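Heads up: the structure comes next, in structure tokens.
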Amino acid sequence: MAAALSAAAPMPLAFSASPVTSAVAPADTDPAPKSAQDKLGSGDDRLLAAAKARGDKNVTMMIATAPGRTEKVAEALDAVNGGSVGRTYDKLGYVRATVPTSRADSALATAAKLPSVQAIDLRQKIDPEPPLPGAQGAKGASSKASSSAYPGPDKNTPAANPYNPTFETGAVDFVKKHPAADGRGVTIGVLDTGVDLANPALQKTTTGERKIVDWVTSTDPVVDGDATWRPMTTSVPGPAFTYDGRSWKAPRGSYQINEFHESATTGSTAGGDVNRDGDTTDAWGVLYDPAAGTATVDVNDNADFTDDTPMKPYRDGYQIGYLGTDDPSTDVAERMPFVVEIRKDVPTDPLGGTWVGRKADFVNIGIIVEAHGTHVAGIAAANGMFGGDMDGTAPGAQIVSSRACVPGGICTNVAIAEGMIDLVVNRGVDIVNMSLGDPPIALNDGNYALARLYTRLIDTYGVQLVLAAGNDGPGVNSIGTPAVADKVIAVGGWYSKETWAANYGSVVEKKIALYPFSARGPREDGGFAPTLLAPASAVSTYPTWLPGLQPVPGISWKLPAGYAMIQGTSMAAPQAAGASALLLSAAKKQGIELTPVKLRTALTSTATHIEGVQTHEEGAGRIDVMAAWKAVKAGATAHDYLVKAPVDTALDQSLETPGFGAGLYDREGGLKAGQKKSYDVTLTRTSGPDAPLPHSLRFRNDTERTFSVVGPRVIALPLNEPVIVTVQAAPTSPGVKSAILEADDPATAGIDKQIQATVIVSTPAEHAYSVSDSVQRNSTRAYFVTVPEGATSLKITRTQTGDNDSAFFGVDPYGVPRTFADDTDPAPDVIEYATPTPGVWEIVIRGYYNAKLLDSSYELGVTVHGASVGSPTVGEAAS
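Residues -22 to -1, 1 to 857, numbered by mature numbering (1 follows the signal peptide of the UniProt record, and there is no 0), are exactly what the sequence shown covers, in order.
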């Protein structure tokens, strides 16, 4: 997930709610909380209703069953008239089926009745905003950092640099100290938009091995509508035949043929011009030989396949083709690399008509659809950027690229589910990075089909998944999906003072802080999120057929083709994946079995706290590779636990266990400053020896001393027997308060269990509340407003004493940001939310990166209309 900068006009957040076109937001349309027994994912009822309203022919569903129990589910859905089962993975309990929309309700009801079915998700498009945003500057603002101090990266840039700050995690020092553990022997799966095969920094590892060892497309040829998949249904004979009005030549044999049209990429980074010749009208014949398992592309478009090379899937010989002819005198490559992939016997029933009951082979023209994946891959594992010493985090690691998006940058949860399965099960990866995510959903508790699948992949195959936390921050509970899945490493983003100066020309006061866009926790069920933090801005690799990108006005340095500066938790995740690859590389070298639980424990137990940042914002803290390696060598590991903690939110009755979850989260309980409130947290140890084990209890990162353990600080935890721990919250000021409750077996290295505790405090205020305050450049401030039942509007006004150097918006009680984008007034001073959802709203003020003053002053007003209760309550927090 790449994120837009906060400049003079508020840039929309990546994966944000749909913007409205005036300063009055539409009435909330969120449904009433579902029952805990409902197996359909959050928001899927609206997806189905929308499909019906549009007249969609089919809907596709992903079903999580108990592992090994997919057969009856597949049979039931395959029996639906017009339905078909596209994929099953019995070991993982995964079924994907497509049914006619008119029969979807009955099919869902049938599936839900089966006791083996645990969760159902409908196919959903993930429509991120353009992943490479520019940044508008404040009028009259200028870069305050010296351009001479930061001249931009080139071949002379050292490994430790602020442009791609891998040194801030300790990765550069680690490689310097352990040069043979620079990622070599480790393969990183990159599930994204595809990785450019031509970038010089993605060609070889530090030991001279091939960098990209596999390249596949995980979209479905039928249900995802990806036109880079070509159905092979027309048979032709060699040596000569006629197809599509042209006479063709081919070697003797029996073939099938189709064409690939570059216009299929309209809306993507390529802009419909794959061969980079300035038009979007070209097409190339694709000749498929089923017996040989090859596809031949008529790259010179002369209707003669005899002068073209038959290609096999990339990992079977590493064949790369090119569409276009490069002009070596220019910086940009005027050609695009591609590979081929073959998928046999694909059910075509969802296409309807004569396709029902048939299967077809498809050939994929494997091209990248957005530049995002190339940038991500470089952060994780580039070697020798700009031809010098500037590297990705693990330059010795190899990469498998899996494209989960169709041209236009549209990804689907089906593709990111099956792409992840394919990477882990079939592609031999050691760790996977995914910097894609769903739009914000209300019930982000991790209890849905895709999240269950990711957890099972980790448990079953021993491969750690690293995911971007999302760019919908800074609201509480804004963590994205599927980053809320249990056992994934969900990565938020930090920035350093040096990177702000180098990449943005922005001078800040804080040495280390969170990016405002970085999504915050906890999950709706109180679960721990994000897991940890990594740097979220980088200059990294970029497609060679695009000009270099430095989108920030006022920066004097430019980038050549093949490189870009982008920011977002998309950039933080590969920092963490690369750091994990270093640890895996070192562990392999020393014969240490580094399982996912050991890796997570080492990273989270040694992460560094950021001063002034709370647990729901930073998770365990900043990643520290050197400290984590010490923990690995010490044998860091952890037992397994179940946690049942009180949850009081607007959706707590929709949780799997109503009112309880994986962490303490009190948002709607009316806690007040000066009040003490106790909560019973139930801990159950589910692994380890039968005998009771002593565990120490303590709160960490509780800088305001809000939380305490009531009773003994050391308890005995028997195996599979619940033990109640009473904790107390005693806030002394308004706002959000969070900390980590650690339960640790002193006999194991590392912290065994980290539990997130989060409470929100509101203070009484008059009906028309106002406050005078200020927000620092690149920082945020938040106010919490309790909106009563029956309110007809929530009106927020912001008056600035100086230039328009901050943005503001509301976050609803579900943690979903309600943002604005209006071409006529991109930064309104008044926002009014009609029929606001009752509960605790968060009002966010965010300082622009290029604000003229370090501190921007403002006056904020909050008014609730139409409520039977006339006084909103307000609390404050800053970061």
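We put the CB at the ideal spot given by N, CA and C, even for glycine.
Since this is a predicted model, take the numbers as computed values, not measurements.
Straight-line gap, residue i to residue j (C-alpha atoms, nearest Å)
| i | j | result |
| --- | --- | --- |
| P93 | L86 | 13 angstroms |
| A512 | A550 | 5 angstroms |
| L633 | V168 | 32 angstroms |
| A539 | T522 | 5 angstroms |
| Y473 | N756 | 10 angstroms |
| A28 | G788 | 26 angstroms |
| E49 | G71 | 10 angstroms |
| A269 | Y128 | 57 angstroms |
| D423 | E502 | 5 angstroms |
| A149 | A585 | 14 angstroms |
| D309 | V378 | 27 angstroms |
| T736 | P500 | 7 angstroms |
| F685 | S656 | 10 angstroms |
| D192 | A446 | 23 angstroms |
| I544 | K17 | 38 angstroms |
| P690 | T184 | 53 angstroms |
| P418 | I774 | 22 angstroms |
| G713 | D99 | 35 angstroms |
| G374 | L510 | 24 angstroms |
| V51 | N425 | 19 angstroms |
| D323 | A514 | 42 angstroms |
| L560 | G351 | 20 angstroms |
| M398 | S380 | 8 angstroms |
Burial state of residue i (16 or more Cβ within 10 Å)
| i | result |
| --- | --- |
| I190 | buried |
| L620 | exposed |
| T220 | exposed |
| R32 | exposed |
| P202 | Reading off the sequence shown, one finds Asp at residue 202, where the question assumed Pro. That one is buried. |
| G335 | exposed |
| T76 | buried |
| Q442 | buried |
| S307 | exposed |
| V341 | buried |
| S740 | buried |
| P4 | Any reading at P4 must be qualified, since the residue scores a pLDDT of 39, below 50, and its modelled position is unreliable; the value itself is stated next. P4 should be labelled exposed. |
| D790 | buried |
| A119 | In this prediction, A119 has a pLDDT of 44, which is less than 50 and means its spatial position is unreliable; what the coordinates show is noted afterwards. It counts as buried. |
| S534 | exposed |
| S396 | In the sequence as displayed, the identity of residue 396 is Glu instead of Ser. Buried. |
| V753 | buried |
Extent of the continuous beta strand (DSSP E) run through residue i
| i | result |
| --- | --- |
| V808 | V808 to A812 |
| Q376 | Q376 to R381 |
| Q545 | Y541 to Q545 |
| S515 | S515 to T519 |
| Y432 | Not the beta strand (DSSP E): Y432 falls in the alpha helix (DSSP H), residues A427 to Y439. |
| S656 | K655 to R663 |
| E837 | D833 to H843 |
| K715 | G713 to D722 |
| residue 898 | Here the chain comprises residues numbered -22 to 857, so residue 898 is not present and cannot be evaluated. |
| L265 | A261 to D267 |
| P209 | W207 to M210 |
Delimiting residues of the alpha helix (DSSP H) encompassing residue i
| i | result |
| --- | --- |
| residue 893 | Only positions -22 to 857 of the chain appear in this structure, which leaves residue 893 out of reach. |
| N404 | N391 to N404 |
| V575 | P574 to T584 |
| S674 | From DSSP, S674 is part of no alpha helix (DSSP H) but of the beta strand (DSSP E) over L671 to R678. |
| R32 | D22 to R32 |
| D56 | E49 to D56 |
| A87 | A82 to K91 |
Sheet register partners of residue i (DSSP bridge)
| i | result |
| --- | --- |
| M40 | R74 and D99 |
| V63 | A75 |
| W523 | Looking at the DSSP assignment, W523 forms no beta bridge with any residue, so it has no partner. |
| residue 859 | A question about residue 859 goes unanswered here, because the residues of the chain that appear run from -22 up to 857. |
| Y128 | Paired residue(s): none; Y128 is not in a bridge. |
Any C-beta of chain B under 8 angstroms from that of residue i
| i | result |
| --- | --- |
| I166 | No chain B appears in this structure, which consists of one protein chain only. |
*What are the uninterrupted segments assigned as beta strand (DSSP E) that are 3 or more residues long and contained completely in the region 283 to 363, given in chain order?*
299 to 302, 313 to 325 and 337 to 344
_Please give the ranges of any alpha helix (DSSP H) in the region 133 to 177, keeping only runs that are unbroken, at least 4 residues long and fully inside the region._
149 to 155
_Runs of beta strand (DSSP E) lying entirely within the region 587 to 628, each at least 3 residues, in chain order_ = 619 to 626
*If you scan the region 215 to 271 from start to end, which runs of the beta strand (DSSP E) of 3 or more residues do you find wholly inside it?*
224 to 239 and 261 to 267
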